[in-house]
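Residue numbers (our numbering): 1 to 215.
Quick reminder that beta carbons are idealized off the backbone N, C-alpha and C, glycines included.
The model shown is predicted, which means the values in this text are computed figures rather than measured ones.
Here is the structure we will look at, set down as structure tokens.
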Amino acid sequence: MRKSFFISLEGPEGSGKSTQCALLTRLLTDNGYGVVATREPGGTAVAEALRRILLAPGRDIAPLTELFLYEASRAQHMAEIILPALRNGKIVICDRFTDATIAYQGYGRKLDKNVIRQLNNIATQQRIPNLTIILDVPVETGLRRARRLAKDSAAGGDRIERESAAFHRRVRRGYVEIARGEPERVKVVRARDTIEKTHAAIVKIIGTVLNLNVI
Ligand code: TMP
């Protein structure tokens with residue numbers, strides 16, 4: 001059986017993570033790897049229900065409640081999807097994970113990062129990604145992209161996308177600092193270029209770190 005591997009993709013709004021997760025999943029699957037592609041918040045029925053609560057515009061959710069809902073979604077997702085997949089030797093590709101909580105609730109909402117780290121540890125049962133790729137995009141470019149793509153774009157995007165530019169700038173700074181603090185695990189890819197160029201940059205990192213023969 002192949003060794004399991006856990007990859008998370010992160011980035012500010014409109015960084016193109018979901019597209020890149022899909023491309024990476026296809027590449028690895030086509031090359032014979034067992035891949036489980038999933039996302040946060042979400043990935044299970046309960047966690048998708050929490051996602052709907054978290055992202056529906058128009059609700060006033062207190063920052064601490066928001067934090068607990070993201071962590072609740074994560075606890076369910078770990079127990080039901082991620083840990084079993086890793087136990088089965090799969091490559092797990094997760095669209096956002098614990099670093100999003102540090103970036104959004106820690107830097108964005110200004111909640112205590114040590115508390116978030118503790119909750120992350122509890123919710124994940126201490127499992128951290130082997131590799132995290134942050135797709136970095138300037139805030140204005142990303143928000144423009146995200147709002148254009150959002151299904152509810154007429155109404156200005158989901159509850160988090162509607163936050164101020166200052167909030168999103170703090171999130172981006174958060175990601176940059178996370179990457180600086182953990183250069184072994186966390187790699188930054190510029191996501192300003194075309195989808196193909198960004199994909200190539202991701203594949204290069206994956207090929208090196210995972211030692212995969214996919215390039
Ligand atoms: P996305 O799947 O389109 O990226 O939407 C998820 C949103 O939730 C995005 O705005 C980032 C936000 N988020 C948090 O604020 N904290 C978290 O822990 C996670 C996983 C996501």
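Could you give the C-beta distance for residue i and residue j, rounded to a whole number, given that I count them as a contact under 8 Å?
i    : j    : result
V36  : A85  : 4 Å
Q76  : A56  : Not quite, the Cβ-Cβ distance comes to about 19 Å (not below 8 Å), so this is no contact.
Y33  : I91  : 5 Å
C94  : T38  : 5 Å
H168 : V139 : 5 Å
State yes or no: is the C-beta of residue i within less than 8 Å of the C-beta of residue j?
i    : j    : result
G14  : G156 : no
Q105 : P41  : no
L131 : R59  : no
S8   : P183 : no
E163 : A150 : no
T25  : I195 : no
L69  : L111 : no
Given residue i, which residues of its chain have a CB within under 6 Å of its CB, disregarding the five upstream and five downstream residues?
i    : result
A103 : V171, G174, Y175
E71  : L119, A123
G43  : H77, I81
Which same chain residues end up closer than 8 Å to residue i when comparing Cβ atoms and leaving out the 5 residues on each side of it in sequence?
i    : result
I215 : Because I215 sits at a pLDDT of 45, beneath the cut-off of 50, its placement in the model cannot be relied upon, and the following sentence gives the value as read from the coordinates. These residues qualify, in order along the chain: V203, K204, G207.
K3   : G89
Excluding the five sequence neighbours on either side, which residues of its own chain have a C-beta within less than 7 Å of the C-beta of residue i, listed in chain order?
i    : result
A191 : G11, S15, G16, L135, D136, V137, T198
N121 : none
C21  : L9, A37, I93, D95
L210 : F5
Stretch pair the segment 44 to 54 + the segment 97 to 109: three plus CB contacts closer than 8 Å: With a cut-off of 8 Å, the segment 97 to 109 and the segment 44 to 54 do not count as touching, because too few Cβ pairs lie within range.
Is there contact here, the segment 80 to 94 with the segment 172 to 190, by at least three beta-carbon pairs under 8 Å? With a cut-off of 8 Å, the segment 172 to 190 and the segment 80 to 94 do not count as touching, because too few Cβ pairs lie within range.
At 4 residues or longer, and completely inside the segment 3 to 88: list those alpha helix (DSSP H) runs for me, N to C. The DSSP assignment places 17 to 30, 45 to 55, 63 to 77, 83 to 87 as complete runs of the alpha helix (DSSP H) inside the segment 3 to 88, in order along the chain (cut-off: 4 residues).
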